[in-house]
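Numbering-wise, the sequence shown is residues 6 to 210 according to the working numbering. Read through the structure below, which is laid out as structure tokens, and then see the notes.
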Amino acid sequence: MTVSVNEFIPETANTLIEEVMERSGQNLLSCYQCRRCAAGCPVAEETGYVTPDRLIRMIMLGDYENALNNPLVWKCVSCYTCGTRCPNGIHTARITETMKKLAKENHLQPERLKVVNFHGTFINSGIRWGRVNEMEFMGLYELKNTFPDINQFNFKPVIEELKTQARLAKAMLKKKRLHFGFELVKGRREIKKLYKKIKKLRKKL
Ligand code: SF4
Ligand code: SF4
Numbered sequence: 006m007t008v009s010v011n012e013f014i015p016e017t018a019n020t021l022i023e024e025v026m027e028r029s030g031q032n033l034l035s036c037y038q039c040r041r042c043a044a045g046c047p048v049a050e051e052t053g054y055v056t057p058d059r060l061i062r063m064i065m066l067g068d069y070e071n072a073l074n075n076p077l078v079w080k081c082v083s084c085y086t087c088g089t090r091c092p093n094g095i096h097t098a099r100i101t102e103t104m105k106k107l108a109k110e111n112h113l114q115p116e117r118l119k120v121v122n123f124h125g126t127f128i129n130s131g132i133r134w135g136r137v138n139e140m141e142f143m144g145l146y147e148l149k150n151t152f153p154d155i156n157q158f159n160f161k162p163v164i165e166e167l168k169t170q171a172r173l174a175k176a177m178l179k180k181k182r183l184h185f186g187f188e189l190v191k192g193r194r195e196i197k198k199l200y201k202k203i204k205k206l207r208k209k210l
């Protein structure tokens with residue numbers, strides 16, 4: 006992936022900054038690139054040099070494409086460490102969340118499709134049952150991941166993926182971290198209503 010962080014793109018900069026600030030509620034203009042956020046980010050090793058400060062820089066420069074689709078946006082675990090360290094109270098987790106939504110709305114091919122599948126399946130499962138039921142969730146998530154290959158009758162990667170997941174399931178079972186039960190939660194109708202309401206409100210923004 007080529008990530009340019011040096012070039013100012015005036016055509017997109019203002020619109021992008023305004024949109025991200027409004028939707029994330031974070032004041033990007035107060036960032037003075039001290040990098041305290043980067044020092045504490047637990048996924049920084051995984052994201053190369055795209056640390057929270059770099060992401061803000063990309064947005065400020067109007068680097069629309071890279072700001073919307075880079076490893077940090079998809080690997081941020083929303084731990085809020087960056088926000089607690091930032092002298093200006095900037096919570097990058099809210100920014101990465103905004104960038105994910107923007108990428109989805111703009112139909113960009115995400116850099117980490119599995120993360121998108123995970124997100125979507127997790128949220129839908131929560132809305133459907135009021136809580137995530139692990140077996141259903143994992144089944145649907147894997148179906149989403151493998152569907153493109155199944156559709157092409159390309160079964161080798163499907164088998165590899167299932168083997169990997171089976172190994173993971175075995176390890177989790179040993180640690181009692183995998184549950185077979187199926188739970189329904191009271192107030193599912195209210196959860197659905199709430200979700201619909203938020204979606205409507207978001208469209209109006
Ligand atoms: S800690 Fe805050 S001010 Fe410093 S670089 Fe990170 S976001 Fe910017
Ligand atoms: S919230 Fe995201 S960007 Fe901030 S420190 Fe945690 S993982 Fe890194």
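Glycine included, C-beta positions come from ideal geometry on N, C-alpha and C.
Bounding residues of the alpha helix (DSSP H) (the contiguous stretch that carries residue i)
i: Pro92; result: From DSSP, Pro92 is part of no alpha helix (DSSP H); its letter is neither H nor E.
i: Cys81; result: Careful: Cys81 lies outside any alpha helix (DSSP H) and carries neither H nor E.
i: Ile14; result: Ile14 -> no alpha helix (DSSP H), and no H or E assigned at all.
i: Thr151; result: Glu139 to Asn156
i: Gln221; result: Here the chain comprises residues numbered 6 to 210, so residue 221 is not present and cannot be evaluated.
i: His124; result: Leu118 to Trp134
i: Phe160; result: Phe160 to Lys179
i: Asn71; result: Tyr69 to Leu73
i: Leu66; result: Pro57 to Leu66
i: Arg182; result: Note, Arg182: premise wrong, no alpha helix (DSSP H); not H, not E.
i: Cys42; result: Arg41 to Gly45
Residue j beta carbon less than 8 angstroms from that of residue i
i: Glu147; j: Gln170; result: yes
i: Ala72; j: Leu145; result: no
i: Thr97; j: Leu60; result: yes
i: Asn150; j: Pro115; result: no
i: Leu34; j: Val55; result: no
i: Tyr200; j: Ile132; result: yes
i: Ile128; j: Asp68; result: no
i: Thr126; j: Phe142; result: yes
i: Leu183; j: Ala174; result: yes
**Prompt:** Do the segment 83-91 and the segment 122-132 make contact, defined as three or more Cβ pairs closer than 8 angstroms?
**Reply:** no
**Request:** Taking 8 angstroms as the threshold, find out whether the segment 37-45 comes into contact with the segment 88-103 through three or more Cβ pairs.
**Result:** yes
**Asked** Hey, is the segment 132-145 in contact with the segment 96-112, meaning 3+ C-beta pairs nearer than 8 angstroms?
**Response** no
**Prompt:** Given 8 angstroms as the limit, is there contact between the segment 74-84 and the segment 45-57, that is, 3 or more CB pairs closer than that?
**Reply:** yes
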